[in-house]
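Presented below is the structure to which this report refers.
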Amino acid sequence: MAIQRPKGTQDLLPGIIEQWQYLEETIRSVCREYGYEEIRTPMFEATELFQRGVGQTTDIVKKEMYTFQDKGDRSMTLRPELTASVCRAYVEDKLYGQPQPVKLYYIGPMFRYERPQSGRFRQFHQFGVEVLGADQPIVDAEVISLVWNLYKRLGLSGLEVHVNSVGCPVCRARHREQLQEFLISRKKDLCNDCQERFDRNPLRILDCKNPSCQEVTVGAPTTRDTLCEDCSTHFEKVLAILGRAGVVYRVNPRLVRGLDYYTKTAFEVMVEEIGAQSAICGGGRYDKLVEEIGGPATPGIGFAMGIERVLAALQVQNKLPEEKPKQFAMLIALGEKAQIEGFALVTALRSKGMPVGMDLLGRSLKNQLKSANRQGASLAFILGEEELDRNVLVIRDLTSGEQMEVPLNDAVEEIFMKYQRGV
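Using the working numbering, read the sequence shown as starting at 317 and increasing by one per residue.
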């Protein structure tokens with residue numbers, strides 16, 4: 317073919333999309349239980365939103381954003397993440413005027429220009445939650461608990477929450493000074509990106525995946541070494557609440573996350589068996605982000621998880637539904653008149669919420685029955701010229717082979733009763 321899908325994207329075809337629907341339905345169910353409401357924001361935003369919100373020193377802003385000039389010569393960017401967009405909506409739509417906290421969730425595509433690899437795409441999909449307007453430790457615990465219970469609901473095993481506190485601007489300044497002192501003599505051994513981060517945002521050096529940088533930072537002071545009393549107390553309360561709720565966690569002092577807006581609690585959920593990139597969720601608190609993009613001072617916390625990566629983990633652990641949803645019945649119409657009457661019958665049944673298929677190719681009785689079996693139908697409704705003459709419909713059980721006739725005028729109610737009984 318001359319035209320193919322863009323690199324780093326995928327076609328989600330029948331047979332696969334049902335797995336996505338299963339995951340999304342489970343997500344929506346858990347969010348309802350926790351009292352979170354859905355939000356949908358534009359696919360693209362003003363570039364400045366992500367520059368100010370995500371941070372100029374992040375790889376996302378420096379290397380990975382899909383940015384373009386629109387016809388009004390404005391710089392626009394396909395959203396690389398959604399926290400900044402949700403905060404923009406919180407300010408612009410005056411959600412701060414509602415009872416606080418505002419608890420939101422989203423599901424949708426994001427866009428980053430990075431090297432495609434297992435579980436990573438240039439158009440990828442995320443589920444995430446954001447809680448705005450509350451800074452209590454129990455809010456951090458609820459957000460972590462939500463994703464923990466979601467994964468348990470899905471049946472995933474081998475999970476572990478890695479959690480840390482990256483502090484507030486006061487204790488972050490102390491950590492920055494100590495970290496730079498530790499690294500100054502080793503700066504030449506850092507990768508080019510981390511040498512640039514040394515002055516702008518040295519904390520992000522601890523997040524670098526380059527093996528040489530990881531070796532250089534062994535023994536470096538961590539954020540926990542410099543936490544102020546308020547941040548330390550907040551973190552200890554989060555851990556106590558998580559432990560009491562049965563969430564399995566491990567304090568990871570090197571966990572800092574890759575975005576500039578995080579304050580205090582930062583966390584990731586790890587699962588084995590999906591390769592080197594074992595994190596399937598990440599998030600944290602961002603108490604300065606709303607203010608940074610022009611809103612009132614508002615605490616916030618949230619997380620995002622990659623749909624593709626969670627599906628990969630479910631696949632490896634054999635936790636995905638094995639079968640496509642089965643068709644309840646197939647209408648087999650033989651002849652033009654039967655097609656017309658059959659179409660009316662199928663329409664009436666579908667209006668009652670019943671999944672009923674119909675042959676659209678005018679195939680023979682034998683081939684239509686084969687098609688019904690392939691689609692997993694339980695029943696076949698057979699209507700031909702003979703049945704029309706007698707004003708009846710033949711209902712055949714495709715499992716037992718037994719069949720019966722019902723008056724055509726009563727067929728909808730007879731079939732509906734069978735459907736309700738699960739026959």
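For glycine and all other residues, C-beta sits at the position ideal for the given N, C-alpha and C. Predicted, not measured: the structure shown is a model, and the values here were computed from it.
Per DSSP, the unbroken beta strand (DSSP E) holding I423 starts and ends at 418-427. Only residues of its own chain outside the window of five on either side were considered, and among them A613, T614 have a CB closer than 8 Å to the CB of E607, listed in chain order. Residue environment: F384 is assigned as exposed (fewer than 16 neighbouring CB atoms within 10 Å of its CB, all protein chains considered).
Contact between the segment 550-567 and the segment 504-517 is absent: fewer than three C-beta pairs spanning the two stretches fall below 8 Å.
The DSSP-derived three-state label of C524 is coil.
Residue K635 holds the alpha-carbon nearest to the alpha-carbon of S473 among K635, V532, V708. In the three-state reduction of the DSSP assignment, T581 falls in the strand class. Beta-bridge pairing by DSSP links F437 to no other residue.
Listed in chain order, the non-local C-beta contacts of L627 below 8 Å within the same chain comprise Q335, W336, L339, L636, local neighbours out to five positions each way being set aside. The beta-bridge partner set that DSSP reports for G474 is empty. In the three-state DSSP reduction, T399 falls in the helix class (H, G or I). Check the Cα spacing between L650 and each of G535, A362, A696, F732: the tightest is with A696. For D705, no beta strand (DSSP E) run applies; the uninterrupted alpha helix (DSSP H) run containing it begins and ends at 701-706, by DSSP. Counting the other CB atoms within 10 Å of its CB gives Q684 a total of 16 or more, which places it among the buried residues. Judged by pairs of C-beta atoms under 8 Å, the segment 647-665 does not touch the segment 465-483, as fewer than three such pairs exist. Distance between K504 and Q511, taken at the CA atoms: about 8 Å. Straight across, the Cα-Cα distance linking C597 with A400 is about 17 Å.
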